[in-house]
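Worksheet: the structure to be examined is printed underneath.
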């Protein structure tokens, strides 16, 4: 496998995660709808339209925050980080990238392991929300574990690609003012 092939695979992986962002967007729309329905019916009729609004919104927030995690964390870095990185020489730039890649991978693996254990426990004890209507927490915990697993996979792919590019002599990217080679 070449670095170009792996680069295309990473782009496809990012595209899948981009489409996965539709779930948090739909969850946001659901939260807006629940709030609007409640406010409208309370103001007009003095009755709540959705008695489980609080429980639903709490669980939808999990989807909004965690399912966008992989796309956001595998995206471009912060500009201040890029400014510092560009002032390093090539070997230090590569070392900084490796530290960043390995740290992200270890963080993602640890979070996948802990949330996976929590998900299994949640399924085992059949945990539910405490409210008027009890919702199962398992689907939302599965979403958290899935998001960290996707982050771990993406981090591993990026780490492997950076190592392949370094071995080919095309990585790290040159800083401003240095001659650039195409990636």
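Numbering (the numbering used here), first residue to last: 455 to 637. Every residue gets a Cβ at the ideal spot worked out from N, C-alpha and C, and that includes glycine.
Quick check: the Cα distance between residue 597 and residue 561, rounded to an integer number of angstroms?
Approximately 17 Å between the Cα atoms of the pair.
By the three-class DSSP mapping on this structure, what secondary structure does residue 458 have?
When DSSP states are grouped into helix, strand and coil, residue 458 belongs to the helix group.
Pair every Cβ in the segment 500 to 510 with every Cβ in the segment 610 to 625, then say whether three or more of these pairs are closer than 8 Å.
Counting Cβ pairs under 8 Å, fewer than three are found: no touch.
What span of residues does the alpha helix (DSSP H) with residue 402 cover, start to end?
Here the chain comprises residues numbered 455 to 637, so residue 402 is not present and cannot be evaluated.
Ends of the alpha helix (DSSP H) at residue 490?
In this chain, the alpha helix (DSSP H) harbouring residue 490 covers 476 to 499.
Whose CA, out of 463, 591, 478 and 581, lies closest to the CA of residue 523?
For the options 463, 591, 478 and 581, the alpha carbon positioned closest to that of residue 523 is the one of 478.
Is the beta carbon of residue 611 sitting closer than 8 Å to the one on residue 520?
No. Outside cutoff.
I need the DSSP call for residue 503, collapsed to helix, strand or coil.
Correct three-state label for residue 503: coil.
Same chain, Cβ closer than 7 Å to residue 464, neighbours up to 5 away in sequence not counted:
Taken in chain order, the residues that qualify are 611, 612 and 615.
With 16 as the cutoff for other CB atoms within 10 Å, does residue 457 come out buried or exposed?
Residue 457 counts as buried, since at least 16 other C-beta atoms from the protein chains shown sit within 10 angstroms of its C-beta.
Excluding the five sequence neighbours on either side, which residues of its own chain have a C-beta within less than 6 Å of the C-beta of residue 609, listed in chain order?
Closer than 6 Å at the Cβ level, and outside the excluded window around residue 609, lie 558, 559 and 562.
Residue 592 beta carbon less than 8 Å from that of residue 569:
When the beta-carbon positions are compared, residue 569 and residue 592 stay at least 8 Å from each other.
Kindly indicate which three-state DSSP category residue 528 falls into: helix, strand or coil?
DSSP, reduced to helix, strand and coil, places residue 528 outside both helices and strands of the structure shown, so it counts as coil.
Cβ-based neighbour list, residue 484, same chain, cut-off 8 Å, excluding 5 preceding and 5 following:
The answer, listed in chain order, is 510 and 514.
Is the beta carbon of residue 518 closer than 8 Å to that of residue 482?
Between residue 482 and residue 518, the gap from beta carbon to beta carbon is short of 8 Å.
Nearest-angstrom Cα separation, counted from residue 595 out to residue 550:
A direct Cα-to-Cα measurement between residue 550 and residue 595 gives close to 33 Å.
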